[in-house]
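Peer 1: Dropping a structure here in structure tokens format, bear with me for questions.
2 protein chains.
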Amino acid sequence: MDDNLIRFLDRGVCGVPDKLRDAMEYSVSAGGKRVRPVVLLSAGVAVGGDERDLLPFACAIEYVHTYSLIHDDLPAMDDDDFRRGKPSSHKVFGEATAILAGDALLTEAFRVMGESTLAEKDPGRALAAVGVLARAAGAEGMVGGQQLDLLAEGMQADPLVKEEIDIRKTSALLTAAARMGGILGGGVDAQVADLAGYGRALGLLFQVKDDILDETGSFEEMGKGVAKDRVRGKMTYPGVFGMDAAMARAEALGGEALAALSSFGEEADALRDIVRLVAARRS
Amino acid sequence: MDDNLIRFLDRGVCGVPDKLRDAMEYSVSAGGKRVRPVVLLSAGVAVGGDERDLLPFACAIEYVHTYSLIHDDLPAMDDDDFRRGKPSSHKVFGEATAILAGDALLTEAFRVMGESTLAEKDPGRALAAVGVLARAAGAEGMVGGQQLDLLAEGMQADPLVKEEIDIRKTSALLTAAARMGGILGGGVDAQVADLAGYGRALGLLFQVKDDILDETGSFEEMGKGVAKDRVRGKMTYPGVFGMDAAMARAEALGGEALAALSSFGEEADALRDIVRLVAARRS
Chain U
0 MDDNLIRFLD
10 RGVCGVPDKL
20 RDAMEYSVSA
30 GGKRVRPVVL
40 LSAGVAVGGD
50 ERDLLPFACA
60 IEYVHTYSLI
70 HDDLPAMDDD
80 DFRRGKPSSH
90 KVFGEATAIL
100 AGDALLTEAF
110 RVMGESTLAE
120 KDPGRALAAV
130 GVLARAAGAE
140 GMVGGQQLDL
150 LAEGMQADPL
160 VKEEIDIRKT
170 SALLTAAARM
180 GGILGGGVDA
190 QVADLAGYGR
200 ALGLLFQVKD
210 DILDETGSFE
220 EMGKGVAKDR
230 VRGKMTYPGV
240 FGMDAAMARA
250 EALGGEALAA
260 LSSFGEEADA
270 LRDIVRLVAA
280 RRS
Chain S
0 MDDNLIRFLD
10 RGVCGVPDKL
20 RDAMEYSVSA
30 GGKRVRPVVL
40 LSAGVAVGGD
50 ERDLLPFACA
60 IEYVHTYSLI
70 HDDLPAMDDD
80 DFRRGKPSSH
90 KVFGEATAIL
100 AGDALLTEAF
110 RVMGESTLAE
120 KDPGRALAAV
130 GVLARAAGAE
140 GMVGGQQLDL
150 LAEGMQADPL
160 VKEEIDIRKT
170 SALLTAAARM
180 GGILGGGVDA
190 QVADLAGYGR
200 ALGLLFQVKD
210 DILDETGSFE
220 EMGKGVAKDR
230 VRGKMTYPGV
240 FGMDAAMARA
250 EALGGEALAA
260 LSSFGEEADA
270 LRDIVRLVAA
280 RRS
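Sequence lines, in order, name chains U and S. The first sequence: position 237 = 236 (numbering that gives the first Met the number 0), numbered continuously. The second sequence: position 89 = 88 (numbering that gives the first Met the number 0), numbered continuously.
Laid out in structure tokens, this is it:
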């Protein structure tokens with residue numbers, strides 16, 4: 000996946016300025032679990048799609064995810080100096096280039112889809128995927144979630160607000176990944192709907208686990224008794240609902256994600272494995 | 000055009016956070032000449048397209064333009080407190096929301112195209128337009144141009160660098176507007192190529208005129224003998240080439256834009272009018 004993520008980045012006919020290109024590659028190759036592209040590919044394969052056709056779309060959704068991390072880390076946003084153990088984009092390249100690298104990666108996602116092989120073979124499916132990704136990533140989805148997240152900073156714990164943020168900020172893009180895979184792979188409507196249900200539950204599971212790790216991991220590592228997100232005044236799932244409820248919710252969401260796949264046979268085993276991996280995450 | 004720009008903005012199934020929506024609408028409805036959507040519509044009509052089908056794409060390109068203005072004005076970028084006589088987005092809504100409003104408008108452009116009526120009727124054309132816009136707006140095009148612009152600040156005047164910035168930062172999007180209109184309207188390859196040539200020349204003309212007005216307008220208004228862009232250490236066309244050369248270049252580019260339309264009859268008169276309007280601009 001990592002090689003493809005770099006390979007699909009546009010070198011351009013008249014070239015990309017070196018500094019911008021360096022910043023884009025820095026964040027794209029900074030590692031991460033690649034959950035979204037893997038979900039998209041696995042969902043596509045589950046409905047009979049060809050992985051080679053799906054690959055540009057898998058890269059596209061990871062570019063969108065990467066851009067969101069770059070912008071979220073900016074001083075005006077969450078002001079994070081580190082991301083995945085490395086200095087964040089604006090610490091390395093400066094704020095202006097970090098903003099532009101994010102803008103460029105978001106745009107690149109749509110270029111890669113617009114110029115994909117499937118765009119020739121089945122433009123209807125490709126364009127539907129464009130619409131799904133844009134809706135999930137935009138004002139109603141991920142960007143809206145980040146806005147709510149910022150507005151909620153320092154607010155009193157509120158279960159409804161917390162769920163609203165998680166659905167938009169994390170679950171929307173994972174739902175889109177699963178749905179895009181289903182559409183691009185040629186799934187029928189019922190399959191696409193099942194896959195979307197899977198993505199939604201997986202996304203929420205991912206966030207609850209993240210919050211649990213944020214509380215417990217930071218507790219152990221930092222010895223401070225407070226977690227990174229909580230320090231920042233952000234709501235965490237255990238913070239809002241309590242740790243027991245968070246553990247129970249993670250369990251239930253894992254079951255929900257697996258149940259959404261009940262109409263699939265072993266062709267969806269890769270998707271099932273992802274649920275188990277996310278549920279078992281320790282970092 | 001202005002009503003449509005607001006109408007096509009997504010209200011979303013689960014809604015857009017009020018503050019984000021306000022920021023998006025604030026910048027979209029802040030006026031401006033709407034040159035890019037008008038070029039797209041006029042190019043589409045010149046090759047026989049239906050304006051109703053073209054409208055979402057016209058809105059999309061204006062959203063992309065608007066997002067670029069919001070991000071360019073940010074403190075980390077050009078640090079402009081005003082845009083079109085009104086406080087810039089980050090002065091009204093704060094930096095974080097301004098970044099997010101830009102991100103959301105860029106994403107919205109692709110959602111509107113992905114969910115357009117033409118996406119049903121002729122997804123191949125619609126998807127080609129997505130690819131053209133993304134390439135023009137991204138790392139190789141507009142975003143790359145802004146990166147070069149920032150890198151060139153305070154640099155010694157350099158004709159090659161100045162032209163490179165103008166081609167990417169201004170001309171790329173106007174070229175895309177004309178090309179998208181041609182593709183979406185059903186133009187044959189030769190027509191689309193002619194329209195792209197028109198857009199390229201019009202875009203450069205637009206920038207040269209902008210630079211001339213920046214020098215002369217500021218001179219008169221501010222009585223300082225220095226212009227806004229020059230104050231900021233940016234290259235202007237008259238600054239790099241001299242005022243006489245700038246005026247001659249504007250004249251030549253206007254001719255070039257009109258010549259690119261020579262294979263068209265009166266169906267391209269709207270495009271010709273735009274050249275004359277841009278050439279005669281006084282503000």
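Idealized CB from N, CA, C, for every residue including glycine. Source: prediction; values computed, not measured.
If you check the beta carbons only, do ALA95(S) and LEU149(U) fall under 8 Å apart?
Peer 2: Your numbering for residue 95(S) matches position 96 in the second sequence. Your numbering for residue 149(U) matches position 150 in the first sequence. LEU149(U) is positioned such that its CB atom lies closer than 8 Å to that of ALA95(S).
Peer 1: Does the Cβ of ARG275(S) have 16 or more other Cβ atoms within 10 Å, making it buried, or fewer, making it exposed?
Peer 2: The count along the second sequence starts at 1 and reaches residue 275(S) at position 276. Its Cβ having fewer than 16 others within 10 Å, ARG275(S) is exposed.
Peer 1: Give me the chain U residues within the contact set of PHE92(S), using Cβ-Cβ distance strictly less than 9 Å, ordered along the chain.
Peer 2: As a position in the second sequence, residue 92(S) is number 93, starting the count at 1. Neighbours of PHE92(S) in chain U, taken as residues whose beta carbon is under 9 Å from its own, are absent, since the nearest beta carbon is some 10 Å off.
Peer 1: Ignore the nearest five residues each way along the sequence and tell me which others in LYS223(S)'s own chain have a CB closer than 6 Å to its CB.
Peer 2: Sequence index remark: in the second sequence, residue 223(S) carries index 224 (1-based). Low per-residue confidence applies at LYS223(S): pLDDT is 38, beneath 50, and the placement is therefore not dependable enough to give any value.
Peer 1: Is the CB-CB distance between GLY185(S) and VAL46(S) below 8 Å?
Peer 2: Walking along the second sequence from the start, residue 185(S) turns up at place 186. Walking along the second sequence from the start, residue 46(S) turns up at place 47. In this structure, VAL46(S) lies closer than 8 Å to GLY185(S) by Cβ.
Peer 1: Taking 8 Å as the limit between beta carbons, can you name the residues of its chain near LEU173(S), skipping five residues before and five after?
Peer 2: Numbered from 1 along the second sequence, position 174 holds the residue referred to as residue 173(S). So the list reads VAL34, ARG35, VAL38, GLY198, ARG199, LEU201, GLY202, PHE205, once near-sequence residues are dropped.
Peer 1: Is ILE166(U) buried or exposed, if buried means 16 or more other CB atoms sit within 10 Å of its CB?
Peer 2: The residue labelled residue 166(U) in the question sits at position 167 within the first sequence. The residue is buried, with at least 16 neighbouring Cβ atoms inside 10 Å.
Peer 1: Under 8 Å between beta-carbons, which chain U residues line up against VAL142(S)? List them in chain order, please.
Peer 2: For the purposes of this step, residue 142(S) is taken as the residue at position 143 of the second sequence. Within chain U, the residues near VAL142(S) are LEU19, LEU99, ASP102, ALA103, THR106.
Peer 1: Which bits of chain U does ALA151(S) rub up against, with CB to CB less than 8 Å?
Peer 2: The sequence position of residue 151(S) within the second sequence is 152, counting from 1. Within 8 Å Cβ-Cβ: nothing; ALA151(S) doesn't reach chain U, min ~10 Å.
Peer 1: Only counting the same chain, and skipping five residues up and downstream in sequence, which positions put a Cβ closer than 7 Å to that of ALA103(S)?
Peer 2: In the second sequence, counting from the first residue as 1, residue 103(S) sits at position 104. Excluding residues within five positions, the ones whose Cβ falls inside 7 Å are LEU19, MET23.
Peer 1: Between the region 54-76 of chain S and chain U, which residues of the former have a C-beta closer than 7 Å to a C-beta of the latter?
Peer 2: Within the region 54-76 of chain S, the residues whose Cβ lies closer than 7 Å to some Cβ of chain U are HIS70, LEU73, ALA75, MET76, listed in chain order.
Peer 1: Look at ALA156(S) and VAL207(S) and say whether their C-beta atoms are less than 8 Å apart.
Peer 2: For the purposes of this step, residue 156(S) is identified with residue 157 of the second sequence, where counting begins at 1. For the purposes of this step, residue 207(S) is identified with residue 208 of the second sequence, where counting begins at 1. Cβ atoms of ALA156(S) and VAL207(S): not closer than 8 Å.
Peer 1: Hey, does LEU147(S) have any beta-carbon neighbour from chain U nearer than 8 Å?
Peer 2: Your numbering for residue 147(S) matches position 148 in the second sequence. Answer yes: the Cβ-Cβ gap between LEU147(S) and chain U drops below 8 Å somewhere.
Peer 1: Does PRO86(U) come out as helix, strand or coil in the three-state DSSP assignment?
Peer 2: Here the question's residue 86(U) lines up with position 87 in the first sequence. Of the three classes helix, strand and coil, the one that applies to PRO86(U) here is strand, per DSSP.
Peer 1: With a Cβ-Cβ cutoff of 8 Å, do LEU293(U) and GLN146(S) count as a contact?
Peer 2: An answer regarding residue 293(U) cannot be provided, because it is not within the stretch 0 to 282 covered by chain U.
Peer 1: Helix, strand or coil: how does DSSP classify GLU220(S) here?
Peer 2: Residue numbering aside, residue 220(S) sits at position 221 when the second sequence is read from its first letter. Because the pLDDT at GLU220(S) is just 47, under 50, the model does not fix this residue reliably, and the value given afterwards should be weighed accordingly. In this structure, GLU220(S) counts as helix in the three-state DSSP scheme.
Peer 1: Which residues in the same chain have their Cβ closer than 7 Å to the Cβ of ARG82(S), if we skip the five residues on either side of it in sequence?
Peer 2: Numbered from 1 along the second sequence, position 83 holds the residue referred to as residue 82(S). The answer, listed in chain order, is ALA29, LEU68, ASP72.
Peer 1: Taking the continuous alpha helix (DSSP H) assigned at LEU39(S), which residues delimit it?
Peer 2: Locating residue 39(S) in the second sequence gives position 40, counting from the first residue. Element bounds for LEU39(S): 34-45.
Peer 1: Specify the secondary structure class of PHE81(S) as computed by DSSP and reduced to three states.
Peer 2: The residue given as residue 81(S) occupies position 82 in the second sequence. Looking at PHE81(S) - three-state DSSP - the assignment turns out to be strand.
Peer 1: Taking GLU114(S) and GLY232(S) to be in contact with their CB atoms under 8 Å, please state how far apart those CB atoms are, rounded to whole angstroms.
Peer 2: Here residue 114(S) refers to the residue found at position 115 when the second sequence is read from its first residue. Here residue 232(S) refers to the residue found at position 233 when the second sequence is read from its first residue. GLU114(S) to GLY232(S), Cβ: 42 Å. No contact.
Peer 1: State buried or exposed for MET76(S), treating a residue as buried only when at least 16 other CB atoms are found within 10 Å of its CB.
Peer 2: Residue numbering aside, residue 76(S) sits at position 77 when the second sequence is read from its first letter. That one is buried.
Peer 1: Buried or exposed: LEU8(U), going by 16 or more other Cβ atoms within 10 Å of its Cβ?
Peer 2: Here residue 8(U) corresponds to residue number 9 of the first sequence, with the count starting at 1. By the 10 Å Cβ count, LEU8(U) comes out buried.
Peer 1: Helix, strand or coil for GLY144(U), going by three-state DSSP, please let me know.
Peer 2: Looking up residue 144(U) in the first sequence gives position 145. Of the three classes helix, strand and coil, the one that applies to GLY144(U) here is helix, per DSSP.
Peer 1: Is any beta-carbon of chain U found at less than 8 Å from that of PHE7(S)?
Peer 2: Locating residue 7(S) in the second sequence gives position 8, counting from the first residue. By this cut-off, PHE7(S) is not an interface position.
Peer 1: So which residues on chain S does THR96(U) lean against when the C-beta distance must stay under 8 Å?
Peer 2: Numbered from 1 along the first sequence, position 97 holds the residue referred to as residue 96(U). Residues of chain S passing the Cβ test: GLN146, LEU149.
Peer 1: On the premise that ALA118(S) lies in contact with ALA127(S), defined as a C-beta separation below 8 Å, what is that separation, rounded to the nearest angstrom?
Peer 2: The residue labelled residue 127(S) in the question sits at position 128 within the second sequence. The residue labelled residue 118(S) in the question sits at position 119 within the second sequence. The Cβ separation is near 12 Å, so there is no contact.
Peer 1: Could you check whether the Cβ of PRO122(S) sits closer than 8 Å to any Cβ belonging to chain U?
Peer 2: Here residue 122(S) is taken as the residue at index 123 of the second sequence, counted from 1. Yes, because at least one Cβ of chain U sits closer than 8 Å to the Cβ of PRO122(S).
Peer 1: Rounded to whole angstroms, what is the Cα-Cα separation between THR169(S) and LEU54(S)?
Peer 2: Taking the second sequence and counting its residues from 1, the one referred to as residue 169(S) is at position 170. Taking the second sequence and counting its residues from 1, the one referred to as residue 54(S) is at position 55. C-alpha separation (whole angstroms): 21 Å.
Peer 1: Give the residues of chain U in contact with GLU265(S), contact being defined as C-beta atoms less than 8 Å apart.
Peer 2: Taking the second sequence and counting its residues from 1, one reaches residue 265(S) at position 266. Chain U residues near GLU265(S): none, gap ~33 Å exceeds 8 Å.
Peer 1: What does the Cβ neighbour count give for LEU260(U), buried or exposed, with the cut at 16 atoms within 10 Å?
Peer 2: To locate residue 260(U), count along the first sequence from 1; it is residue 261. Counting Cβ neighbours within 10 Å, LEU260(U) comes out buried, since at least 16 surround it.
Peer 1: As a quick exercise: from ALA279(U), SER282(U), ALA135(U), GLU266(U), pick the residue whose alpha carbon is nearest that of ALA42(U).
Peer 2: The residue given as residue 42(U) occupies position 43 in the first sequence. Here the closest residue by C-alpha is GLU266(U).
Peer 1: Whole angstroms are fine: how far does the CA of LEU194(S) sit from the CA of THR116(U)?
Peer 2: Here residue 116(U) corresponds to residue number 117 of the first sequence, with the count starting at 1. Here residue 194(S) corresponds to residue number 195 of the second sequence, with the count starting at 1. Whole-angstrom Cα-Cα distance: 26 Å.
Peer 1: Would DSSP call THR174(S) helix, strand or coil?
Peer 2: Within the second sequence, residue 174(S) is the residue found at index 175, counting from 1. Residue state for THR174(S) is assigned as helix, using DSSP reduced to three classes.
Peer 1: Against chain U, which members of the region 128-142 of chain S pass a CB distance test of less than 7 Å?
Peer 2: VAL129, GLY130, ALA133, ARG134, ALA136, GLY137, ALA138, GLU139, VAL142
Peer 1: Could you work out which residues of chain U lie near ARG110(S), taking near to mean beta carbons separated by less than 7 Å?
Peer 2: One-based indexing of the second sequence puts residue 110(S) at position 111. Correct list: GLY130, ALA133, ARG134, GLY137.
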